[in-house]
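Taken in order, these protein sequences are the chains called A and B.
The working numbering puts the first sequence at residues 5 to 309.
The working numbering puts the second sequence at residues 50 to 353.
Have a look at the structure below, then the notes.
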Amino acid sequence: MTATLTTPAGTATGTPRTRRRPAARRRSNLLTLGMLALLVYFLFPLFWLTIAATKTTGDLFSTFGLWFGHDFALLANIRETFTRNDGQYARWMLNTLGYAVVSSVGAASLATFAGYGFARYTFRGRGALLGLVLGTIMVPTTALAIPTYLLFSKVSLVNTPWAIILPSLVSPFGLFLMWVYARDAVSDSILEAARIDGAGELAIFFRVTLRSLMPGFVTVLLFTLVATWNNYFLPLIMLNDPRYYPVTVGLSSWSAQAVGGSGSNADLLACVVTGSLLSVLPLVAAFLLLQRYWQSGLSAGAVKE
Amino acid sequence: MSTSTATIAVAPPRRRSRTGNSGYLFIVPFLVFFLLFFLLPLAYAGYLSLFKDQLVGGTVFAGLDNYTRALGDEQLLGGVLRVALFFVLQVPVMLLISVVAALAIDSGLLRFVRVFRLGIFIPYAVPSVVATLMWGYLYGPDFGPLAQLGDRLGFSAPDLLSDTLMLPALGNVVTWEFAGYNMIILYAALRTVPTERYEAAAVDGAGPLRIAWNIKIPALRPALLLCLMFSIIGSFQLFAEPNLIQRLAPNVINSAYTPNVYAYSLAFTSQEVNYAAAVSFLLGLVIVAVSYVVLFLAGRGARR
């Protein structure tokens, strides 16, 4: 196999190259098949979830999991999911959206601002402050969650949306990414030229620098968006009023009721399954639309370090 | 006099001093939030961890009692050992999948590269709660496809939620969630290798497998280290997956299954707030320490 592959690769080097990779290389069916098996593994649970969302709770138990049941109940399930308990699910989705958008925009802005400040200015205490922040990158968010809960319950911030948003605004890793990014993406000569023109530092930032920092900003935005969207531990301990639940904690509470699964909760299982599917769609859509950013930017830290 | 000294003092380092103040302008917003919602909670928890509740006398200063208790707490130790075992079992498998997938996607030998890249990455967009619910149902005896297949074909499917298989079952969920994410990090690192190096190797007659082994895998080192760091942090703070599977297998996953599950039950079920603070604190410390030890060892390995 190696031998047959070597020749086309060898000849391809002779041709003028416009793209990064030699274009004339032969594709490998064997490799494609092997990777297909991997792809099936990664998509199979989502396939199951999609099928399951079209079933009644009865069909979930009585028909084979990997194919459709007797009734196609998707629309009925969606309606039931959204109308159950006075539209509780819609409220959870909106909460998640709100928490995720506010947190990610805030965290990315703070990190971009500070990353640029650390990368492009010299001032007293810079090294020490930067070292302090970067030294905390390894501190896991869940080890911080209970301490934050204890502090917030002291100042009556628990069981409010702020309990979710405020801790999510601080991203030492985001700062690290933006610091690395700002060191490379912003050229000194442009800053110098703008200063000679008499522009203030803030004006320079918003008119000149921000544009070149944008890809880094979007990367950190995506990171924190996913982290807040998927967050479970923090909201679980901070909130006890279901009105403030994000969709993760909401689905978890529904599934806990469904496990008991009798009487009035008999049809809840279909709602858990359908709600799970619906909760995944917005982020999947976001990743499809923003492919350029997560593919190039997700690993900025890995590459540069 | 003041004017003359001012002009002299200001003239040479003018630009520097002017931009100097602006530097603070940019970093202060971040630092304020960092102080209030990162350092302050840690400090407060550290303070609380020095006290304990007593039946007689209420909350009293206890020095390091909570910490000595934690170090001798078999439940906590058991949890730490369990996540350490989880780390040793799960992370190599996951990173192997990630490396192979990244190499395959980068090889130029694959058809439909975009489909693979996106499809393998997609689980990262699925909340761990949803991922665990899904896999939990798939594992389950009621309507899991595996159990159903077993029923039809007349064999009894292994109980994936049993004591012996629980750790691999959890490992599978975590692998499913994060292999694609690590793949993207590794793939991006591969793309920074200058093509000239591949071309030179190809001229020398090296095939894709040799190129992968001799050039690409060494180039992955820093990115792999980053993935390893994320995995250490992820393994040791395992919570959502065991917390949700607990309902399906309450006899297998106890309230101290992982250190975080334990800290949660300490704080919210048994109301031992001060001790929970000490446990959180210790857990954070262990993770930071393990991370730096791994970084240090990897750095030494690189120099050798």
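All C-beta atoms in this analysis are idealised placements derived from N, C-alpha and C, irrespective of residue type, glycine included.
Just so you know, these numbers come straight off a predicted model, no measurement behind them.
{"Check": "Check: A:S257 C-beta below 8 Å from any heavy atom of the ligand SAH", "Outcome": "This structure lacks the ligand SAH; in fact it carries no ligand of any kind."}
{"Check": "Under 8 Å by beta carbon: chain A residues contacting B:F285", "Outcome": "P144"}
{"Check": "Closest residue to A:T232 among A:L134, A:V184 and A:T145 (Cα-Cα distance)", "Outcome": "A:T145"}
{"Check": "CA nearest to the CA of B:L84, picked from A:L214, A:F76, A:A57 and A:V174", "Outcome": "A:V174"}
{"Check": "Close Cβ partners of B:I282 (< 8 Å) along its chain, the five nearest in sequence each way excluded", "Outcome": "I336 and S340"}
{"Check": "Cβ-based burial, B:E245 [other Cβ within 10 Å; buried from 16]", "Outcome": "exposed"}
{"Check": "Per-residue DSSP class, three states only, for A:D188", "Outcome": "helix"}
{"Check": "Sub-9 Å separation of B:V223 and B:E123 beta-carbons", "Outcome": "no"}
{"Check": "Alpha-carbon to alpha-carbon, B:F82 and A:V137", "Outcome": "12 Å"}
{"Check": "Contact set between B:N309 and chain A, taken where Cβ atoms lie within less than 7 Å", "Outcome": "T146"}
{"Check": "Residues that A:P171 contacts on chain B, provided the C-beta gap is smaller than 7 Å", "Outcome": "F86"}
{"Check": "Opposing strand residues paired with B:F100 [DSSP bridges]", "Outcome": "B:F110"}
{"Check": "N-terminal and C-terminal residue of the alpha helix (DSSP H) that A:Y249 is part of", "Outcome": "Premise fails: A:Y249 is in no alpha helix (DSSP H) and is neither H nor E."}
{"Check": "Residue of A:L43, A:V276 and A:S256 minimising C-alpha distance to B:R163", "Outcome": "A:L43"}
{"Check": "A:V105 versus A:Y93: straight-line alpha-carbon distance, rounded", "Outcome": "18 Å"}
{"Check": "Classification of B:P267 by the beta-carbon crowding that lies within 10 angstroms, buried from 16 upward", "Outcome": "exposed"}
{"Check": "Residues near B:A298 by beta carbon distance below 6 Å, same chain, minus five either side", "Outcome": "L210"}
{"Check": "Cutoff 6 Å; reference A:K308; Cβ partners in own chain excluding five residues on either side", "Outcome": "Note on A:K308: pLDDT 40, under 50, position unreliable in the model; no value is reported."}
{"Check": "Where A:T140 meets chain B, residues with beta-carbon distance less than 7 Å", "Outcome": "F87"}
{"Check": "Status (buried if at least 16 other CB within 10 Å, exposed otherwise) for A:A27", "Outcome": "Note on A:A27: pLDDT 46, under 50, position unreliable in the model; the coordinate value appears next. A:A27 comes out exposed."}
{"Check": "A:A83 - containing alpha helix (DSSP H), residue span", "Outcome": "The sequence as given places Arg at residue 83 of chain A; Ala does not occur at that position. That run of the alpha helix (DSSP H) goes L78 to R124."}
{"Check": "Per-residue burial, B:Y96 [other beta carbons within 10 Å of its own, 16 or more giving buried]", "Outcome": "exposed"}
{"Check": "Given B:P176 as reference, the closest of A:A262, A:L293, A:G254 and A:A274 once Cα atoms are compared", "Outcome": "A:G254"}
{"Check": "Alpha-carbon to alpha-carbon, A:S191 and A:A306", "Outcome": "In this predicted model, A:A306 has a pLDDT of only 45, less than 50, meaning its place in the structure is not dependable enough to derive any value."}
{"Check": "Test: A:L43 CB closer than 9 Å to a CB of chain B", "Outcome": "yes"}
{"Check": "B:G333 at chain A interface by Cβ criterion, 9 Å", "Outcome": "yes"}
{"Check": "Proximal chain A residues relative to B:Y160, where beta-carbon distance stays under 7 Å", "Outcome": "Looking at the sequence itself, residue 160 of chain B is Arg, so the reference to Tyr does not match. Going along chain A in sequence order, the residues near B:R160 (Cβ under 7 Å) are R31 and T36."}
{"Check": "Closest Cα partner of B:G220 within the set B:A94, B:V322 and B:L134", "Outcome": "B:L134"}
{"Check": "Sequence-distant residues of the same chain with beta carbon closer than 7 Å to A:W96, five excluded per side", "Outcome": "Y249, P250, V251 and G254"}
{"Check": "Neighbour list for A:G62 in chain B, Cβ cutoff strictly below 8 Å", "Outcome": "Within chain B, no residue comes near A:G62; the closest Cβ sits about 11 Å away, beyond 8 Å."}
{"Check": "B:L346 at chain A interface by Cβ criterion, 9 Å", "Outcome": "no"}
{"Check": "Chain A contacts made by the stretch 169-188 of chain B, where a contact means CB separation under 8 Å", "Outcome": "I169, F170, I171, P172, Y173, A174, V175, P176, S177, V178, V179, A180, L182, M183, W184, Y186 and L187"}
{"Check": "Limits of the alpha helix (DSSP H) - the one that A:K158 falls within", "Outcome": "T145 to K158"}
{"Check": "Other residues of its chain near B:L275: CB distance less than 7 Å, five sequence neighbours each side excluded", "Outcome": "I234"}
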